[in-house]
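Step one of this worksheet: look at the structure below.
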Amino acid sequence: MSRGYKLLNHQRQIYSTDEPGTLGGYRPDRIYGRLDCPSALRHLAGGTYAKHRVFFADEPMAIAAGFRPCGVCLKDRYELWKSDPSALFTAVVKDA
Ligand SMILES: [Zn+2]
1 MSRGYKLLNH QRQIYSTDEP GTLGGYRPDR IYGRLDCPSA LRHLAGGTYA KHRVFFADEP
61 MAIAAGFRPC GVCLKDRYEL WKSDPSALFT AVVKDA
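Each residue of the sequence shown is one higher than the last, beginning at 1 in the UniProt record's numbering.
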C-alpha cells in the first residue's frame with residue numbers, strides 16, 4: 001500500500017506504483033537504459049544527473065514515451081534505433 005515507486009508513463013507523466021521500474025532514463029536527452037548502466041552510474045556520481053533521472057516499467061513504455069536506447073548498456077538496441085527508429089518501435093512496442 002506504499003506506492004513507493006514513481007515511474008514515467010508513455011505520455012511522459014509520472015505515476016506512483018508498487019512495482020519498481022526495470023529501466024532508468026535521462027529525461028533531458030530522452031535516453032533509457034539499464035538500471036546498472038555504467039554511463040548512468042558515472043553521471044549519477046557526478047551529481048547533476050539524479051534530478052533528471054526517471055524510471056520505466058518496461059522497454060515498450062520507454063520507447064512509447066519517446067526515449068531512445070542508451071548506446072552504452074543497450075548497444076544492440078541502440079544500433080537498431082540508429083539505423084531505423086521506426087523499426088525499433090515496431091519490434092518492441094508492437095509486440096508488447
Ligand atoms: Zn546505458
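In this text, a Cβ means the ideal position worked out from N, Cα and C, and glycines have one as well.
A distance below 7 Å between beta-carbons, with the five flanking residues on each side excluded, links Glu59 to the following residues of its chain, in chain order: Leu23, Val92. With fewer than 16 neighbouring CB atoms inside 10 Å of its own CB, Arg42 falls in the exposed class. When the Cα atoms are used, Ala50 and Glu79 turn out to be separated by approximately 26 Å. By the neighbour-count criterion, in which a residue is buried when 16 or more other Cβ atoms sit within 10 angstroms of its Cβ, Pro69 is buried.
Fully enclosed alpha helix (DSSP H) runs of no fewer than 4 residues occupy 38-46, 59-64 of the stretch 16-66, in order along the chain. Exposure of Ile14 is indicated by the presence of fewer than 16 other C-beta atoms within 10 angstroms of its C-beta. The beta carbon of His52 lies closer than 7 Å to those of Tyr26, Arg27, Pro28 in the same chain, with the five residues before and after it left out. Lys94: not part of any alpha helix (DSSP H); DSSP gives it neither H nor E. Look at Arg77 here: in three-state DSSP terms it is helix.
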